[in-house]
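Since the structure comes first, as structure tokens, the remarks are kept for the end.
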Amino acid sequence: MIRVGINGYGTIGKRVADAVRRQPDMEAVGVAKTRPNFEAQTAVEKGFDLYAAVEERKPLFGEAGIDLAGDVEELVAASDVVVDACPSGVGEQNAEMYRAHDTPALLQGGEDAGAVDASFNARANYDEVEGTDLVRVVSCNTTGLSRLVAPLEEEYGIEKVRATLVRRGGDPAQSGRGPINDILPNPVTLPSHHGPDVNTIFPDLAIDTLGLKVPATLMHTHSVNVTLESEPDADEVRELLESESRTFLIPEWLDIDGAGKLKEFAQDRGRPRADIWENCIWGESVSMEGRDLYLFQAIHQESDVVPENVDAIRAVLGEAGREESTTRTDEAMGISEGMVPGTAPRASADD
Ligand code: NAD
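FYI, our numbering numbers position 267 of the sequence shown as 1398, with every residue one higher than the one before it.
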């Protein structure tokens, strides 16, 4: 069993902890928190051992009636690998602790690419991180773009990617973020950081990205144009993307017009926290104009990196090859069941 510690139990950390626990070859040693709050309570109720991330705040846990299993250094020492899901910049500060314990660590997309040995996306560069000490699982947007680029590049070759990222202002729980009534080119200058970030996974890819921020919390939406090196028809591209386990081609008959219905559907499907781990690509948006492919995809920022973190654990430790790991992850999390079981629409929408 691979012993996994999770340092930082917020939006990403709590999802990774649950996903790790579902893996047949992994065990969650515990989670580290800075203070008692609703998420600490969730961790306790789920039976995760809780470790204190900040020495001076330890008494606060006792006052809240929460037992600690130890401090974060003990968690790191007891783990074969640590998933660091602390806020941007904190992961880099924690790197020294991981190195001191000789424990490989996975940082998240908010960290600088220069602070790690390698950046990671399971579909694109799984084999490149084995034996490294510090790996960055790229951000939600970069994950979404990488999952799209990898099969297109392999199957057709890519001349150039142009993507406009309409980004949610904040996650649902981030009450302090915005905008609340505006549409912001963000950044106003080109390129947004996403293109260069995709280049940490595909160094030779020609890609330009533009970013906007809008008053939404549910998901990001990408408007993508890829100039291919060959000229498949739209159906072929649809079939290719459908054959990928982490891209969900939304069938037209589902009548899903945006992130709101997508999240509602995920909830109806019984997905935990209404998470959508796959890229959601509108099937009818997939269009070819000569060698130019166009499509829209929605990315659930809070969850698409979760299966990637699980695969990165095996990749860093050399515990399984890409196919074996992604299949195992998908089966354990329920991704392999897909968002649509079967392909035929139901005869009646009464139930
Ligand atoms: P978050 O704020 O929801 O969670 C971070 C948690 O870490 C919080 O519970 C915080 O209290 C805790 N923390 C702070 N300092 C700590 C420390 N020193 N030790 C241990 N815990 C500490 O943040 P998040 O959204 O989960 O983001 C975490 C990382 O994941 C960031 O790098 C972010 O860029 C990246 N990421 C976030 C999203 C997203 O949409 N939320 C998507 C992909 C990647």
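C-beta atoms are modelled at their ideal positions from N, C-alpha and C, and glycine is treated no differently. Just so we're clear, the structure is a prediction, and the values are computed from it rather than from any experiment.
The alpha carbon of T1460 has as its nearest neighbour, out of V1441, M1470, L1385, the alpha carbon of V1441.
Residues of the same chain with a CB within less than 6 Å of the CB of P1322, apart from the 5 flanking positions on each side, are D1339, T1340 in chain order.
In the three-state DSSP reduction, Y1229 falls in the helix class (H, G or I). At a cut-off of 7 Å, the beta-carbon of T1331 does not count as near the ligand NAD: no heavy atom of the ligand is closer than that. Leaving aside the five residues that flank G1301 on each side, the residues in its chain whose CB is nearer than 8 Å to its CB run, in chain order, G1307, R1308, G1309, T1348. In this structure, the CA atom of A1209 is about 44 Å from the CA atom of R1293. The residues K1145, in chain order, have a CB closer than 7 Å to that of T1173 in the same chain once the five nearest residues on each side in sequence are set aside.
Contact annotation: I1430 and N1256 have beta-carbon atoms that are not nearer than 8 Å. For the 8 Å CB-CB criterion, V1437 and L1237 do not form a contact.
Distance from the C-beta of E1223 to the nearest heavy atom of the ligand NAD is not below 7 Å. Around L1283, the same chain offers I1289, V1357, L1359, V1368, L1371, L1424 as residues with beta carbons nearer than 8 Å, after the five sequence neighbours per side are excluded. Under the rule that a run must span 4 or more residues, the alpha helix (DSSP H) segments found entirely inside the segment 1238 to 1318 read 1253 to 1256, 1271 to 1287. For S1354, no alpha helix (DSSP H) encloses it; the enclosing beta strand (DSSP E) starts and ends at 1351 to 1359. When Cβ pairs closer than 8 Å are counted between the two stretches, the segment 1257 to 1266 is seen not to touch the segment 1314 to 1321, the count staying below three. Within the model, the alpha-carbon separation for P1382 versus M1350 is close to 19 Å. Here the distance from the Cβ of V1147 to the nearest heavy atom of the ligand NAD is not below 7 Å.
Counting along the chain, T1458 sits inside the alpha helix (DSSP H) bounded by residues 1453 to 1464.
Boundaries cannot be given for K1177, as no alpha helix (DSSP H) includes it and DSSP labels it neither H nor E. When the alpha-carbon of S1219 is set against those of L1380, G1201, S1270, V1417, the nearest one is in S1270.
With a cutoff of 8 Å on beta-carbon distance, G1161 and G1136 are scored as near each other. Beta-bridge pairing by DSSP links R1134 to E1158. Burial is judged here by how many other beta carbons sit within 10 angstroms of a residue's own beta carbon; M1157 has at least 16 and is buried. Contact between F1427 and S1374 is ruled out by a C-beta separation of about 20 Å, above the 8 Å threshold. R1422 and M1470 have their C-alpha atoms roughly 30 Å apart. Shown here, E1370 sits in a helix according to DSSP, grouped into three states. Counting only residues of its own chain and dropping the five nearest sequence neighbours on each side, R1377 has a CB closer than 6 Å to the CB of R1278, E1409. The continuous beta strand (DSSP E) containing Q1428 extends over residues 1423 to 1430. Between the ligand NAD and the CB of N1138, the shortest heavy atom gap is smaller than 7 Å. Considering only T1320, D1335, S1416, E1362, the residue with the shortest C-alpha distance to T1352 is S1416. For D1399, the CB stays at least 7 Å from every heavy atom of the ligand NAD.
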